[in-house]
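K.L.:
Before I ask anything, let me first share the structure, which is written out below as structure tokens.
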Amino acid sequence: MPLDKAKIRQSFSAASTTYDSVAQLQRTIGCALLASIDRDITGTLLDIGCGTGFLTAELVRFHPEQLIALDIALPMLQATRSRQWEHTPSLLCADAEYLPLINNSVHHVFSNLALQWCGNLGAVFTDIKRLLKADGQFIFSTFAPHTLQELKAAWQSVDDYAHVNDFYNAEQLHAFLQQAGFTDIHITSTLYTPHYESVLTLMRELKHIGAHNVQVNRNKHCTTKTAMRRMIAAYQTAHELNGKIPASFEVFIVRAS
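For what it's worth, our numbering labels the leading residue of the sequence shown as 950, then goes sequentially.
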């Protein structure tokens, strides 16, 4: 999937000061991810796409002396560093598609809603397999194809541009993981459907968490007010109920070793 990496870095850098105020869904999914983690893990832990450090702060309770928090956006790492830490994790500003870690150096890799911003997941999984020790585990959450399907359909009634990001399905993820050398793979799917006061409220939240459309074939021109009004009208006509609109977020939680 062709993604604009510069746009991704810019979006999440800009969102570093607003992310925590609106990221309730991300925290909910992060808690579900944590619930799938064995409490007796040991060794070096890597948190890919740490953002402002929510998952990192939970992981540090597992094994505080050997925790690496990685993010592509430096302001996100600065937000992580500003948390109150008894044992401050190691901070690493890097792209998940180019991990600057040596072979067999990490026991466990975790990632909460970050890997969907990688264009070549096959290469990412291969690189993660490279740095994992022989008995290491890879546990992550990622958005799935039904995410924001209402918003996507509303925009499709307006024009042919890709206004909403596409996401890999379970079969594709499984194939990428197998090709990377993982053999024990488990994928579960959950659909979250929060409701919003308006379409603009939803879009503001997406902006504040940095979840802009980052596909290369997006409309690079300013969206006109007419197009925006048509999209909002289409969304509301199809989905508004009791003065609120739903937004679907399908999430995969994946365990691989």
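Just so you know, even glycine gets a beta-carbon here, dropped at the ideal spot from N, CA and C.
(1) I'd like the ranges of any beta strand (DSSP E) spanning at least 3 consecutive residues and lying wholly in the region 1124-1197.
(2) Please state whether the Cβ-Cβ distance between Ser1206 and Phe1087 is less than 8 angstroms.
(3) Going residue by residue through the region 965-1019, where are the continuous beta strand (DSSP E) segments of at least 3 residues, counting only ones entirely within it?
(4) Cα-Cα, which of Leu1050, Val1148, Ala1103 and His1112 is closest to Lys1193?
(5) Is it right to say Ser1060 is buried, meaning 16 or more other beta carbons lie within 10 angstroms of its own, or is it exposed?
(6) Can you tell me where the beta strand (DSSP E) with Gly1071 in it begins and where it stops?
(7) Out of curiosity, what's the CA-to-CA distance linking Asn1114 and Gln1105?
(8) Do Thr1096 and Phe1198 come within 8 angstroms of each other at the CB atom, strictly closer than that value?
(9) Once the 5 residues before and after Pro1143 are set aside, which same chain residues still bring their CB inside 7 angstroms of it?
(10) Within the same chain, show all residues whose beta-carbon is closer than 6 angstroms to that of Asn1053, passing over the 5 residues directly before and after it, in chain order.
(11) Could you check what DSSP says for Arg958 in three-state terms: helix, strand or coil?
(12) Kindly indicate which three-state DSSP category Leu1048 falls into: helix, strand or coil?
(13) Is it a yes or a no for the region 1120-1133 touching the region 1065-1076, going by three-plus beta-carbon pairs under 8 angstroms?
(14) Rounded to the nearest angstrom, how far is the Cβ of Asp996 from that of Leu1016, given a contact under 8 angstroms?
(15) Identify the continuous beta strand (DSSP E) that holds Leu1041 and give its terminal residues.
(16) Could you tell me the distance, in whole angstroms, from the CA atom of Ala1102 to the CA atom of Tyr1184?
(17) Could you tell me how far apart the beta carbons of Arg1004 and Leu994 are, in whole angstroms, since I believe they sit closer than 8 angstroms?
(18) Just how far apart, CA to CA, sit Ala1134 and Ala1182?
(19) In angstroms with no decimal places, state the Cα-to-Cα distance between Ser960 and Pro1094.
(20) Leu1023 lies in the alpha helix (DSSP H); which residues open and close that run?
(21) Considering just the uninterrupted stretch of the beta strand (DSSP E) at Asn1114, what are its terminal residues?
P.N.:
The short version:
(1) 1134-1141
(2) yes
(3) 994-997
(4) Val1148
(5) buried
(6) Not the beta strand (DSSP E): Gly1071 falls in the alpha helix (DSSP H), residues Leu1070 to Leu1080.
(7) 13 angstroms
(8) yes
(9) Leu974 and Ala1196
(10) Lys1082
(11) helix
(12) coil
(13) yes
(14) 7 angstroms
(15) Ser1039 to Cys1042
(16) 8 angstroms
(17) Per the sequence shown, residue 1004 should be read as Leu rather than Arg. That pair is no contact at about 10 angstroms.
(18) Contrary to the premise, residue 1134 reads as Ile rather than Ala in this sequence. Computed Cα separation, rounded: 42 angstroms.
(19) 21 angstroms
(20) Leu1023 to Arg1030
(21) No beta strand (DSSP E) holds Asn1114; DSSP gives it neither H nor E.
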